[in-house]
Amino acid sequence: MKFSTNTLRRYQKMYNWSTDFMPNGLDELVTKIGAQLGAVEEVIDIGSKYSGAIVVKVASCEQHPNADRLHVCKIDDGGAAKDVKRDSDGYVQVVCGAPNVREGLSAVWLPPGATVPSTYGSEPFTLDARELRGVVSNGMLASPKELAVSDSHEGLLEIDDDIKPGTTFAEAYNLEGDYVIDIENKMFTHRPDCFGWMGIARELAGIQNIAFSSPEWYVERPELPQPTGEQLPLTIKNELPDLVPRFTAITMRDVTVGPSPVWLQLELAKIGQKSINNIVDLTNYIMLLTGQPLHAYDYDKVAERSKGEATLVVRQPQKGETVALLNGKTVEPRAEAIMIATDKELIGVGGVMGGSDTEVDDTTTNIIIECANFDMYSVRRTSMAHGLFTDAVARFNKGQSPHQNLTVLLKMLADVQDFVGGTVASELIDDNHTSQDQCSAALPNIDFVNKRLGTELDLATAKTLLTNVECVVTDSPDGTFIVTPPFWRTDIHIPEDVVEEIGRLYGFDKLRFELPVRTTAPAVVQPLLAYKAELRQQLAALGANEVLTYSFVHGQLLQKAGQDPEQAFKISNALSPDLQYYRLSLTPSILNHVHANIKAGHDAFALFEVNKVHTKLHVADDEGVPKEFESLALVYASKSKSKYAAYYQARVYLDELARKQGIALEYRPITEALDAAAIQPFDPARAALIYAAGTDTGLGVIGEYKQSVKQQLKLPVQAAGFEIDISELLATPRTAGYRPLSRYPSISQDICLQVADTVTYAELTAQLATALQKHAADETVDFEPIDIYTSHEKIAGKKRITYRITVISQVRTLTEATASGLLEKVASELAQSLSAERI
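Going by the numbering used here, the first residue of the sequence shown is number 451, and it counts up by one from there.
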């Protein structure tokens, strides 16, 4: 939010709204703003930009002897410029090619040595005296573009005001010592009134303990004007009272549209806005003053597009409707957008941008002025959906107060009459669906404030701080006081809001640097948070790399991963068009980053994420509030072929993680089609469901990905991963995490079992574990796979799986005979149950 110090001072004198808001200079004001109002992004010295520019009068204007489009002018600068050649009359010679240069014209002269304002601060261009087609020109007469007033470069900036030649341009238009202060917008997210200069001025007074008084015209219920002479009838139809709680409008006739006066162009230029014409500029100027956007329509164009008399309809678009906007684009608005239409067609996007078919231009003589209040959330969604970011959107996004619509509309009406001309041509229409009651907050006593701020303020001081910014404070003998915010404030509802307001106006920097008295008992550790931190540390120790991706994803990513976007919650106010849905699982988000890492030169890696997921299939209550699921996903990827299947590469991480956790896992084949979103990216033929051993508690899925997913997301040859439910994993029973070392040496032997290739590795492993536990009751037995062999012709239809068995005793020294006997018993049992043959 930008404001000019000189502009505020001018209004301060005009409306007598406070004493000097900058009593101790610019630097202290900027420091004060940063501490109590908002972060200052930039301070721009406007006065220096126009150093050297002088208002002059063209005393004579003759055709250039050597150029058809140039004129040789003699200008009267009142002798203000020094070290410049003059004729006998004291005039200075300037060559000019502007089509509107003429004798008697008042213009702006940039003498030799002056810097062209439009180049100030970037690549400064300094003028001098030089010949143009054989005639010396001392500097130049400037166009609006060269003066950084507007983009117009077709002619000179014409000075219509009665300004004595020789007056500096900065002095003539209150630019001397002027600074534009730019405050970061996010600081005012909850303060829509601070998106207007008057709101800024009120806050500058409040944080300096200066009383502020709004202008007489800025009241909630102003006196309404009556039409005079011939009327221009207007009908308003509001079909969306919930989204447009207030819509006010009035018509005017016989207005004269043209360029804005120089002072108005400068006021807009100082904060980076372009001048369009006097009507449009006034709507922008009053928006900057009050924070409330307005819009002006060409009445005759609206009437031409209506069935009868001019009609404005507030409604949502019909399918296939389009609207041509002021920025030159034609859009098909989203179905939920607030639209402004006639009773025949769309003419604008409510709260966002007007339409080009009804814009005010040089041919306009009759206008409609509209001042409305639009739902902030709807405006934001429409703005994001169509990429339309305007000053109006920036203000409606913050929730402007509907209680100021009338007063702002009437201010616009008065200024049009003062600066443009015209008469009121209809009664003011106020389609009002708002509550007339102003909210208030009751505080028990001043101790309520002091306990929360750590201050010792008395009621009188707190009351002064609030009344300085025009809050009404009513107190009673028992110490209770009620604070009623003014009609333009939308952020004060509860007692704590009042406490915050008092603390900010008093100055948080004045609060005592003392910690509140609190118990020294440590905070209770939340098991889930601690467990997630443990999982992160263990996976990082295994060499995996943690990533953190958005909880919101594009619908196309869900489809690429084989998931159904209909199962996902769609975000109604998405941060961007690429973040449309809550994700159903973590795996697609990680897979989306695999290709970029491969391109970056990482040949093999593992990525994991610990985060939340959501799905429509499970909701917390009848209102459809999403239930969050804590999830852990890992993806292993390598662009190099390997003799090891990618499935087992991913399983190494999960098995080791489970071992560290003391959890026994089982892997079961996916025997039927499952609609669980987390399973969809995986190839059922090369994936398995994860269970806690010996239970039916499903933990997740592990495996390689479908070929379609690999193609869509450009995954390498080796790609596999897993996704598990952290909450279920945390609840899974654990075995003892510690086993004392034996005093006796362990003994290891390998056993190779040949089984039919229809017997799965998981099935054989499970039965081997059972048999070992059965026949080695007094010893501890560990085993691990060594290899799986299936390719020899002599064992067609068979496969050989080799395990290394390690036997440990806590009470005696084991012999080879003991281990061999154990393996013979195990082999015999497996031969009976699985027809396994020991090789």
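Even glycine gets a Cβ: it sits at the ideal position worked out from N, Cα and C.
For Ile788, the closest alpha carbon among the candidates Tyr1103, Phe697, Ser468 and Ala980 is that of Phe697. Counting the other CB atoms within 10 Å of its CB gives Trp559 a total of 16 or more, which places it among the buried residues. Assignment of beta-bridge partners to Gln867 by DSSP yields no partner. Around Glu512, the same chain offers His521 and Val522 as residues with beta carbons nearer than 7 Å, after the five sequence neighbours per side are excluded.
Closest in C-alpha terms to Pro1027, from the list Glu1106, Asp1228 and Ser833, comes Ser833. Taking Pro1195 as reference, the option from Pro1183, Ala1135, Val1261 and Ile1238 with the minimal CA-CA separation is Val1261. For Asn635 and Glu1178, the gap between their C-alpha atoms comes out near 44 Å. The Cβ atoms of Thr455 and Val586 do not sit closer than 9 Å to each other.
According to the DSSP assignment, Ser510 belongs to no alpha helix (DSSP H) but to the beta strand (DSSP E) extending over Ile504 to Gln513. In this structure, Pro936 keeps its C-beta atom at 9 Å or more from the C-beta atom of Ala891. Under the DSSP assignment, Leu1107 falls in the alpha helix (DSSP H) whose first and last residues are Ala1096 to Gln1111. His603 is positioned such that its CB atom lies closer than 9 Å to that of Pro594. In the pairwise beta carbon analysis, the region 699-711 is classified as not touching the region 903-912: fewer than three pairs are separated by under 8 Å.
Contact between the region 1152-1169 and the region 1040-1059 is present: 3 or more CB-CB pairs across the two stretches fall below 8 Å.
DSSP links Thr934 through a beta bridge to Val922. Nearest to Ser1285 by alpha-carbon distance, out of Ile932, Val1205 and Glu491, is Val1205. DSSP places His745 in the uninterrupted beta strand (DSSP E) bounded by His745 to Asp748. Only buried fits Glu809, as 16 or more other CB atoms lie within 10 angstroms of its CB. In the DSSP assignment, Asp527 falls outside any alpha helix (DSSP H) and carries neither an H nor an E. Here Gln1223 has Val1231 as same chain residues with Cβ atoms under 8 Å from its own Cβ, once five neighbours each way along the sequence are excluded. Counting C-beta atoms within 10 angstroms of its own C-beta, Glu771 has fewer than 16 neighbours from the protein chains shown and is therefore classed as exposed. Closest in alpha carbon position to Gln1009, among Ser1158, Thr873, Asp1133 and Val923, is Ser1158.
Apart from sequence neighbours up to five positions away, the residues of its chain that approach Lys1089 with a beta-carbon distance below 8 Å are Ile1048, Asp1053, Ala1054, Pro1166, Val1167 and Gln1168, ordered along the chain. Minimum Cα-Cα distance from Arg583 among the listed residues Ser556, Gly547, Glu608 and Asp601 corresponds to Gly547. Around the beta carbon of Thr618, 16 or more other beta carbons sit within 10 angstroms, so the residue counts as buried. Between the C-alpha atoms of Asp1133 and Leu838 there is a straight-line separation of about 43 Å. DSSP places Cys889 outside both helix and strand once states are collapsed to three, so it counts as coil. One alpha carbon belongs to Leu479, the other to Glu964, and they sit about 27 Å apart. Within the region 1010-1083, the runs of beta strand (DSSP E) at least 3 residues long that lie entirely inside it are, in chain order, 1054-1063. Taking all protein chains shown into account, Trp938 has 16 or more neighbouring C-beta atoms within 10 Å of its C-beta and is therefore buried. Counting other Cβ atoms within 10 Å of its Cβ, Pro1038 reaches 16 or more and is therefore classed as buried. Taking 8 Å as the upper bound for CB-CB distance, Ala875 and Asn816 are in contact here, some 7 Å apart. Looking at Ala1128, Ala1114, Ala1135 and Glu1116, the one whose alpha-carbon comes closest to that of Glu1122 is Ala1135. Closest by C-alpha distance to Tyr1032, out of Leu1057, Tyr827, Asp612 and Leu1067, is Leu1067. By the Cβ criterion, the region 754-774 is not in contact with the region 662-677, since fewer than three pairs of Cβ atoms, one from each stretch, lie closer than 8 Å.
If you compare the alpha carbons of Thr1220, Ala835 and Phe846 with that of Phe824, the shortest gap goes to Phe846.
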